[in-house]
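Our numbering runs 126 ahead of the 1-based position in the sequence shown.
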Amino acid sequence: MASPKIEISHVDKYYRKAAASGTRFGRRGKQHGTVQALRDANLTVAEGEFVSLIGPSGCGKTTLLKCLDGLVPYDAGEVRVSGKPVTGPGRDRAFVFQQFGLFPWRTVMGNVTLPLEAAGKSKSEREEIAWKYIRMVGLESFANLHPHELSGGMQQRVGIARALAVDPEILLMDEPFGALDAQTRELMQIELLRIWDKTRKTVVFVTHSVDEALFLSRKIAIMSAHPGTINEVIDVPFAYPRTEGDLKRDPVFADMRYDIWNKLLPGQTVES
Ligand SMILES: Nc1ncnc2c1ncn2[C@@H]1O[C@H](COP(=O)(O)OP(=O)(O)OP(=O)(O)O)[C@@H](O)[C@H]1O
Ligand SMILES: [Mg+2]
């Protein structure tokens, strides 16, 4: 059997607390406080899988994605991608940020070609690749516009095109649709599933929404709060392609939704 694409084993992550000057945590160094963001986090993701991470605010979802991307170091355990320990960012992984993370002074084309510049591609190569993904997300008429001239949904599509342009094996998506209105969000979910169907990337998708997780993913990892750990991984049995309307009428959907709600601890902020 092929080894998993992603293996997160017994991962702990601590952050240093910012020290307020004049307190016993100040200046001297040794007594800096720490906050444990992850405790014994475990998750395995197969190649081509679509997994959602769901859990309360502050439970460590972004931290887990950052550990996977190599943006922050972890303190114990191991994160492996394609069998190798993660020691920093790599071209096999791309991150899609909640707040789009676009460069305002660059056009759509300029934003999508940026990571390809870093990869040392020639101008014509960069533009050819960028066009492919700009077309894939339906922005070919907007390639010369700047981010402020686009709607939120269009900006997020630029973020997705930019992530796909480096042809990563893994897409790490941190609440990418959290800032969008309900209708745009639904359209983006359909768009993402269409792209996933076409490219079969491995996707780790963070969301606060139980419905979004159920609609998109094959598996849902439920995290508990503080310090964050993965409590349970649930299989989502619906076949692809999925239609949100059909899914919501399915009694299994309603049961799973109820079940996941109950598994999330009380008093936390998640959307239905
Ligand atoms: N750079 C940092 N320095 C110190 N503490 C941090 C840092 N980043 C995150 N934390 C702490 O780590 C914990 C987990 O944060 P994280 O951002 O991973 O949560 P999250 O699940 O993504 O939350 P949200 O759903 O609100 O985005 C929180 O207690 C947070 O305060
Ligand atoms: Mg977060």
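For every residue, glycine included, the Cβ atom is placed at its ideal position computed from N, Cα and C.
- A distance below 7 angstroms between beta-carbons, with the five flanking residues on each side excluded, links Ala339 to the following residues of its chain, in chain order: Ser178, Ile180, Thr333 and Ile346.
- Pairing Gly186 with Met349 gives a Cβ-Cβ distance under 8 angstroms.
- For Gly371, the enclosing alpha helix (DSSP H) covers residues Glu370 to Arg375.
- Take Asp166, set aside five residues on each side of it, and the residues of its chain with a beta-carbon closer than 6 angstroms to its own are His136 and Thr355, in chain order.
- DSSP places Val212 outside both helix and strand once states are collapsed to three, so it counts as coil.
- In summary, Glu175 is buried, with 16 or more beta-carbon neighbours lying within 10 Å of its beta-carbon over all protein chains present.
- Judged by DSSP in its simplified three-state form, Arg326 adopts coil rather than helix or strand.
- Inter-residue distance for Pro241 and Arg217 is about 9 angstroms (C-alpha atoms, whole angstroms).
- Annotation for Thr213 indicates a beta carbon at 7 angstroms or more from all heavy atoms of ligand 1.
- Restricted to the region 228-283, the alpha helix (DSSP H) segments that are unbroken, complete and at least 4 residues in length are 234-244 and 249-262, listed in chain order.
- Any heavy atom of ligand 1 counts here; residues with a Cβ closer than 5 angstroms to one of them, in chain order, are Tyr141, Ala163, Ser183, Gly184, Cys185, Gly186, Lys187, Thr188 and Thr189.
- Each residue's CA atom was taken as its position, placing Lys192 and Lys131 some 16 angstroms apart.
- For the 8 angstroms CB-CB criterion, Leu265 and Val284 form a contact.
- About 18 angstroms separates the Cβ atoms of Thr170 and Lys139, ruling out a contact at the 8 angstroms cut-off.
- With at least 16 other beta carbons inside 10 angstroms of its own, Trp322 counts as buried.
- Burial of Val263 is indicated by the presence of at least 16 other C-beta atoms within 10 angstroms of its C-beta.
- Counting along the chain, Leu298 sits inside the beta strand (DSSP E) bounded by residues Ile296 to Asp300.
- Ranked by Cα distance from Val330, the options Arg375, Glu173 and Gln282 are led by Glu173.
- At least one heavy atom of ligand 2 sits closer than 7 angstroms to the Cβ of Asp300.
- In terms of Cα proximity to Gln224, the closest of Leu373, Leu298, Ala244 and Tyr200 is Leu298.
- In this structure Val336 is buried. Its beta-carbon is surrounded by 16 or more other beta-carbon atoms within 10 angstroms.
- No Cβ-Cβ contact shorter than 8 angstroms links Val205 with Arg219.
- Fully enclosed alpha helix (DSSP H) runs of no fewer than 4 residues occupy 336-342 of the region 316-367, in order along the chain.
- Counting along the chain, the unbroken alpha helix (DSSP H) around Asp195 starts and ends at Lys187 to Asp195.
- By a beta-carbon distance limit of 8 angstroms, His272 does not contact Thr239. Their separation comes to about 14 angstroms.
- When the five nearest sequence neighbours on each side are left out, the beta carbons in the same chain lying within less than 6 angstroms of the beta carbon of Val161 are those of Tyr141 and Lys143, in order along the chain.
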